[in-house]
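S.K.: Take this structure first; my questions come after.
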Amino acid sequence: MVCKPYNRRSFLQNAALFSTGLVTTLAHPRKAIPVSPSAPIEYIVVGSGAGGGPLAVNLARAGHKVVLIEAGGSDGDDLASVPLFHPLVSEDPRVRWDYFVRHYTDEARQRRDSKYVLDKGGIFYPRAGALGGCTIHNAMIMVYPNNADWEYIAELTGDPSWRAENMRKYFERLEQCGYVERPKDSNDNLTRHGFDGWLTTEVADPMMFAEDINIQRILDSAVRESGHVGVLDSFFRKELDPNAWSVNVGGIEGLYNIPISTRNGRRRSSRDLIRETVAEIPNNLIVKMHTLVTRVLFDGTTAIGVEYLEGAHLYRADPQAIADEPEPKSRKTMLASREVILAAGAFNSPQILKLSGIGPADELHSHGITPVVDLPGVGENLQDHYEISVVAQLDSDFTLSQDCKPGQPSDSCLTQWTQGRGIYTSNGLFIGNMRKSEVARTKAYLEPDLFIGAGAPGAFRGYYPGYSQSNQINQFTWLILKAYTGNRAGSVNLRSADPRDVPDINFRYFADGNETEDDDMAALVEGVEFVRRMNGHVEDITQSEVVPGSTVNSRNEIANFVANEAWGHHASCSNKMGLREDTMAVVDSKFRVHGTQNLRVVDASIFPRIPGYFPLTPIYMISEKASDVILEDVRKV
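Here it is, written out as structure tokens:
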């Protein structure tokens with residue numbers, strides 16, 4: 000759902016009444032071992048999102064002194080805690096980092112996208128520069144990847160610890176499932192959900208959707224076109240579970256409820272975990288905010304610490320970035336006795352590596368950077384999911400959200416949210432359809448490659464500045480996501496040796512990339528056609544199609560629309576995992592950067608291909624795995 004325009008001052012006054020004190024600290028599965036205040040720094044973790052935040056916490060709880068470095072601050076709780084406000088958070092000036100990326104190298108081709116921002120030279124790609132990283136503004140979707148994703152990494156690296164059976168334990172460890180009944184006997188846990196972790200998962204109450212006649216009809220159309228007659232009862236009982244072990248084993252197609260990382264209808268993120276840990280063991284975990292890491296420090300090829308700048312709004316992705324250049328003498332250093340771990344994300348981890356002398360030697364030389372390790376794969380293999388929308392104009396407004404008035408004193412939806420109910424407790428997606436495209440069927444893919452999600456009232460056609468202020472409450476959006484894309488040609492390159500500069504990011508969509516066939520495009524076209532068939536079942540409540548619109552009819556016209564307007568927001572794979580013999584691999588199966596010592600990367604950039612449909616769950620899982628790997632190395636010393 001795209002939210003109505005809101006009065007920020009009024010909303011802050013209202014939300015402040017409810018933004019603290021409602022969520023008690025959850026027990027953590029790892030017992031904390033305190034350290035003394037004078038203990039030396041052992042680990043430096045750069046980035047506090049889904050990769051870095053839980054990792055820093057786990058190392059700290061294991062009795063180590065950890066410094067967690069975050070470039071942003073800790074503002075934005077008022078908006079971030081309300082799940083449905085995730086679009087507003089992504090454009091909240093207190094936490095937003097605005098990247099503008101290219102989908103195509105050719106300028107004329109790029110300008111065909113209606114979302115193109117000429118003076119920025121790219122497409123808006125929202126990220127978060129704040130404690131918790133993108134876990135404070137994402138849609139919180141906790142859909143487990145397919146088991147084949149983990150088997151792929153195990154085969155690629157020759158490391159059996161990545162096999163699906165073993166990886167599931169990390170999900171069980173971190174999850175506290177709130178929508179499946181805990182089995183009385185742990186041996187009877189056939190779903191293999193977790194019930195004692197720090198990360199609570201819920202399914203928004205589906206009964207509230209049943210109260211809106213328009214949504215009822217849309218649900219009926221999804222069931223009819225998908226051929227899953229009779230599943231609505233299961234939907235309303237929250238039984239269509241995409242994270243059940245049986246589903247993940249077989250890659251089963253079907254309609255599913257959408258689990259999200261909330262507790263009592265409030266966002267649950269790595270920010271919460273970090274704060275709870277600092278409150279419990281303040282000597283173990285030191286959080287250093289408003290700190291921009293400029294490079295990793297080395298003794299030869301051994302990482303020994305980081306260089307950094309202190310201050311708010313230093314990075315130029317921040318719309319409030321300061322114009323003044325910091326004095327060279329203002330750069331400071333911090334040393335770690337054990338390791339430096341980068342968890343800055345698919346854009347910033349490769350940037351920091353390159354600024355540190357780890358990357359393609361030719362590129363480093365061109366910016367006056369002396370190579371420490373010539374590692375050509377850094378910043379390469381950048382991938383994203385392709386996404387596209389179909390938006391319909393309805394005859395009447397949705398009753399579900401008609402009383403929602405964000406920022407106004409009379410916002411009854413906010414009052415409901417404080418009671419743990421209502422539309423604000425959801426992220427706006429109320430049902431998802433995982434299905435195989437015809438290409439996937441023809442080539443006997445094991446996994447469904449399309450995720451088609453039904454959004455709550457609103458029009459969403461991708462990201463552009465101001466998108467969160469859209470106000471079409473009588474429109475409805477189906478989102479189509481193409482997973483397992485064939486394109487591996489994206490890149491993250493330095494613009495300069497200035498660590499405050501945003502890198503040059505190009506995803507090289509479709510024909511601009513290295514996909515040898517048109518499988519991705521064919522699947523997306525099929526997805527649009529499928530949604531149109533669903534919408535055909537509700538023509539009596541629909542006025543017209545807004546996106547793509549009535550002028551887009553043939554498959555070629557749909558393909559042209561997709562090529563122009565597709566977007567993504569799951570950037571991954573820019574420091575891919577692989578064997579040392581693979582010259583384009585950046586890290587090994589234990590997250591260690593090839594050619595270095597005491598340096599690891601733990602974030603979305605390490606995947607060789609994007610696992611599943613939404614990266615949040617797999618990133619949380621690799622954070623848990625990396626914790627085990629690092630602590631095992633300590634025990635071996």
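Residues in the sequence shown are numbered from 0 upward in steps of one, following numbering that gives the first Met the number 0. C-beta atoms are modelled at their ideal positions from N, C-alpha and C, and glycine is treated no differently. Given the structure is predicted, the values throughout are model-derived calculations rather than measurements.
Smallest Cα separation from N57: which of I212, E279, A209?
M.R.: Ranking the options by Cα distance to N57, first place goes to E279.
S.K.: Quick one: Cα of P36 to Cα of K64, how far?
M.R.: Using only the alpha carbons, I get a separation of about 9 Å.
S.K.: Excluding five sequence neighbours on each side, which residues of the same chain lie with their C-beta closer than 7 Å to the C-beta of V537?
M.R.: Correct list, in chain order: R216, I217, S220.
S.K.: So is R494 buried or exposed if we call it buried at 16+ other beta carbons inside 10 Å?
M.R.: By the 10 Å Cβ count, R494 comes out exposed.
S.K.: Is the beta carbon of P498 closer than 9 Å to that of Q401?
M.R.: No, they are not a contact pair.
S.K.: So, does the region 81–88 touch the region 296–313, judging by three or more C-beta pairs under 8 Å?
M.R.: No, they do not touch.
S.K.: Checking 9 Å against the spacing of the C-beta atoms, do F639 and V390 come in under that value?
M.R.: The requested residue 639 is not part of the displayed model; the chain covers only 0 to 636.
S.K.: For M620, count neighbouring C-beta atoms within 10 Å of its own C-beta (all shown protein chains included) and say buried if the count is 16 or more, exposed if not.
M.R.: Flag for M620 reads buried.
S.K.: Buried or exposed for H192, please, with buried defined as at least 16 other CB atoms from any protein chain shown within 10 angstroms of its CB.
M.R.: The residue in question, H192, is buried, as its Cβ has 16 or more Cβ neighbours within 10 Å.
S.K.: Which residues bound the beta strand (DSSP E) around A640?
M.R.: Because the chain spans 0 through 636 in this model, residue 640 falls outside it and cannot be assessed.
S.K.: Checking 9 Å against the spacing of the C-beta atoms, do P281 and M583 come in under that value?
M.R.: No, Cβ-Cβ distance for P281 and M583 is not below 9 Å.
S.K.: Rounded to a whole number of angstroms, what is the C-alpha to C-alpha distance between R181 and I504?
M.R.: In a straight line, the C-alpha of R181 is about 44 Å away from that of I504.
S.K.: Quick one: what's E639 bridged to in DSSP?
M.R.: Not covered by the structure: residue 639. The range shown for the chain is 0 to 636.
S.K.: According to DSSP, is V524 helix, strand or coil?
M.R.: Of the three classes helix, strand and coil, the one that applies to V524 here is helix, per DSSP.
S.K.: Measuring CB to CB, does L378 end up less than 9 Å from G358?
M.R.: It should be noted that the sequence gives Gly, not Leu, for residue 378. Contact flag set, yes.
S.K.: Determine contact between the region 559–576 and the region 264–272, defined as no fewer than three beta-carbon pairs at a distance below 8 Å.
M.R.: Touching, no, given that fewer than three Cβ pairs across the two stretches are closer than 8 Å.
S.K.: State yes or no: is the C-beta of I451 within less than 9 Å of the C-beta of N213?
M.R.: No, these two residues do not count as a Cβ contact at 9 Å.
S.K.: Starting from the C-beta of T104, find all residues in its chain whose C-beta is less than 7 Å away, skip the five residues before and the five after it, and write them out in chain order.
M.R.: So the list reads N505, R507, D511, once near-sequence residues are dropped.
S.K.: I'd like the list of long-range same chain contacts for G196, defined as Cβ closer than 7 Å, with 5 residues on each side in sequence excluded.
M.R.: The residues are P28, R172, L173, E174, Q175.
S.K.: Please list the segments of the alpha helix (DSSP H) lying wholly inside the region 431–483, counting only runs of 4 or more residues, in order along the chain.
M.R.: Segments of the alpha helix (DSSP H) lying fully in the region 431–483: 437–441.
S.K.: Residue ranges of each beta strand (DSSP E) run of no fewer than 3 residues wholly in the region 309–362, ordered along the chain?
M.R.: Qualifying beta strand (DSSP E) stretches, in chain order: 331–334, 338–341.
S.K.: Contact check, G419 vs G264 under 8 Å by CB: the rounded distance?
M.R.: Yes, they are in contact, since the Cβ atoms of G419 and G264 sit about 4 Å apart, within 8 Å.
S.K.: Taking G121 as part of the beta strand (DSSP E), name the residues at either end of that continuous run.
M.R.: Here the beta strand (DSSP E) through G121 covers 121–127.
S.K.: Could you give the residue range of the beta strand (DSSP E) that holds L493?
M.R.: It is not in any beta strand (DSSP E) - L493 carries neither H nor E in the DSSP assignment.
S.K.: What does a CB cutoff of less than 6 Å around E446 pick up in its chain, not counting 5 residues either side in sequence?
M.R.: N145, A147, G250.
S.K.: Measure the C-alpha to C-alpha separation of E525 and P370 and round it to an integer number of angstroms.
M.R.: Approximately 46 Å, taken between the alpha carbons.
S.K.: With a Cβ-Cβ cutoff of 9 Å, do Y385 and T476 count as a contact?
M.R.: No, the Cβ-Cβ distance between Y385 and T476 is not below 9 Å.
S.K.: Quick test of your reading: P607 and L54, contact by CB under 8 Å. State the CB separation rounded to the nearest angstrom.
M.R.: Actually they are not in contact, since the Cβ atoms of P607 and L54 sit about 20 Å apart, beyond 8 Å.
S.K.: For G72, does the three-state DSSP call read helix, strand or coil?
M.R.: G72: strand per DSSP, three-state reduction.
S.K.: Do M288 and G72 come within 9 Å of each other at the CB atom, strictly closer than that value?
M.R.: In this structure, M288 lies closer than 9 Å to G72 by Cβ.
S.K.: Do you know offhand how far R532's Cα is from I557's?
M.R.: Whole-angstrom Cα-Cα distance: 14 Å.
S.K.: Determine whether the beta carbon atoms of S80 and G131 lie at a separation below 9 Å.
M.R.: In this structure, G131 does not lie closer than 9 Å to S80 by Cβ.
S.K.: For a test of the three-state rule: what should DSSP assign to L254, helix, strand or coil?
M.R.: Residue state, collapsed to three classes: strand.
S.K.: Does the beta-carbon distance from D383 to I609 come in below 9 Å?
M.R.: Cβ atoms of D383 and I609: closer than 9 Å.
S.K.: Please name the residue, chosen from R126, L78, V66, that lies closest to L413 on a Cα-to-Cα basis.
M.R.: Checking every option, the nearest Cα to that of L413 belongs to L78.
S.K.: For G20, which of helix, strand or coil comes out of DSSP?
M.R.: The predicted position of G20 is uncertain, since its pLDDT is 38 and thus under 50; a value taken from the coordinates is nonetheless stated next. In the structure shown, G20 sits in coil (DSSP, three-state: anything other than H, G, I, E or B).
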